[in-house]
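S.K.: First residue of the sequence shown: 7, per our numbering; consecutive thereafter.
For glycine and all other residues, C-beta sits at the position ideal for the given N, C-alpha and C.
Being a predicted model, the structure only gives us computed values, none of them experimental.
Please see the structure below; I have some questions.
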Amino acid sequence: MSEKIATRVAYGEALADMGADERIVVLDADLSKSTMTDMFRKKYPERHFNMGIAEGNMMSVAAGIATCGKIVFASTFAIFAAGRAFEQVRNSIGYPNLNVKIGATHAGISVGEDGASHQAIEDIALMRSIPDMVVISPSDAYCAKFAVKAAIERPGPVYLRLGRLGVPLVHNENTKFEFGKGVLMKDGSDVTIIANGLMVQYALEAAGILEQDG
Numbered sequence: 007m008s009e010k011i012a013t014r015v016a017y018g019e020a021l022a023d024m025g026a027d028e029r030i031v032v033l034d035a036d037l038s039k040s041t042m043t044d045m046f047r048k049k050y051p052e053r054h055f056n057m058g059i060a061e062g063n064m065m066s067v068a069a070g071i072a073t074c075g076k077i078v079f080a081s082t083f084a085i086f087a088a089g090r091a092f093e094q095v096r097n098s099i100g101y102p103n104l105n106v107k108i109g110a111t112h113a114g115i116s117v118g119e120d121g122a123s124h125q126a127i128e129d130i131a132l133m134r135s136i137p138d139m140v141v142i143s144p145s146d147a148y149c150a151k152f153a154v155k156a157a158i159e160r161p162g163p164v165y166l167r168l169g170r171l172g173v174p175l176v177h178n179e180n181t182k183f184e185f186g187k188g189v190l191m192k193d194g195s196d197v198t199i200i201a202n203g204l205m206v207q208y209a210l211e212a213a214g215i216l217e218q219d220g
């Protein structure tokens, strides 16, 4: 686990790689260089829209575009996507079950440089409270790219929880990604450790320490 890549970077790469699909439209709230949707913008500027620092409005616009048959990715920091814009996500996207994918970057406490106000620790609970909302918390760059592809293929709202910091690659291109199913990372019989997102790397480290201790 040497190479480290942020899941937000893999998210931007995946959108750019899959952007040839003309159904895909990407919105951001004046943070495209942070959420990495700038990669998509450079290749497909006619389908990328900067909505300004107005996350609630962005979610409502995303909902409107989705009613026209598009697959919309609305991207901003997790604290703004799940916190500030919760009403719009709940009522404009979740309630009508629209095909909007929320790319929520800088999730959790890993965004220490921006302070406590930007640390989304409630977002999973908030998004899971919305019927039909699928929540995905990728553990590495491979998983993030699999998640973007799966989100495109699955109709309905999806919340992609992405991190700011680089994380080790714990999967590979042959990893099987399925909604609602975990991936066994290490065999054992004494204890079960369950983790998601960036905590997977630490769970593997903990498993290694326990194994060494016998």
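Have a look at the DSSP bridge pairing and note the partners of residue 85.
M.R.: In the DSSP output, where bridge partners are listed per residue, residue 85 has none listed.
S.K.: Where residue 190 and residue 43 are concerned, what is the direct C-alpha to C-alpha distance, given to the nearest angstrom?
M.R.: Cα to Cα, the separation comes out at about 31 angstroms.
S.K.: Skipping 5 residues on each side, what residues in its chain have a beta carbon closer than 7 angstroms to that of residue 134?
M.R.: 141, listed in sequence order.
S.K.: For the beta strand (DSSP E) containing residue 214, name the first residue and the last one.
M.R.: Run containing residue 214: none in the beta strand (DSSP E); it sits in the alpha helix (DSSP H), 205-219.
S.K.: Tell me the DSSP secondary structure of residue 112 in three-state form.
M.R.: In this structure, residue 112 counts as coil in the three-state DSSP scheme.
S.K.: Assign residue 185 to one of two classes, buried (16 or more other C-beta atoms within 10 Å of its C-beta) or exposed (fewer than that).
M.R.: That one is exposed.
S.K.: Which residue comes first and which comes last in the beta strand (DSSP E) that contains residue 12?
M.R.: Unbroken beta strand (DSSP E) run through residue 12: 10-12.
S.K.: Would you kindly report the start and end of the unbroken beta strand (DSSP E) that includes residue 118?
M.R.: Premise fails: residue 118 is in no beta strand (DSSP E) and is neither H nor E.
S.K.: Report the three-state DSSP secondary structure of residue 157 (helix, strand or coil).
M.R.: Helix at residue 157.
S.K.: Would you mind sorting residue 196 into buried or exposed? The rule is 16 or more other CB atoms within 10 Å of its CB.
M.R.: By the 10 Å Cβ count, residue 196 comes out exposed.
S.K.: Check the DSSP bridge columns for residue 79 and list the partner residues they point to.
M.R.: Beta-bridge pairing links residue 79 to 32 and 107.
S.K.: Any idea if residue 221 is buried or exposed, counting beta-carbon neighbours within 10 angstroms, 16 or more meaning buried?
M.R.: Nothing about residue 221 can be reported from this structure: the residues present for the chain run from 7 to 220 only.
S.K.: What whole-angstrom Cβ distance do residue 16 and residue 151 have, given they're in contact under 8 angstroms?
M.R.: Contact flag correct, Cβ pair sits at about 5 angstroms.
S.K.: Go ahead and pull the three-state DSSP assignment for residue 142.
M.R.: Residue state, collapsed to three classes: strand.
S.K.: Count the other C-beta atoms from every protein chain shown that fall within 10 angstroms of the C-beta of residue 136, then say buried if there are 16 or more, exposed otherwise.
M.R.: The residue is buried, with at least 16 neighbouring Cβ atoms inside 10 Å.
S.K.: Would you decide whether residue 123 is buried or exposed? Buried here means 16 or more other CB atoms lie within 10 Å of its CB.
M.R.: So residue 123 ends up on the exposed side.
S.K.: Taking the straight line between their C-alpha atoms, what separation do you get for residue 199 and residue 181?
M.R.: Their backbone Cα atoms lie some 19 angstroms apart in a straight line.
S.K.: Would a C-beta distance cut-off of 8 angstroms place residue 68 and residue 80 closer than the cut-off?
M.R.: Contact: yes.
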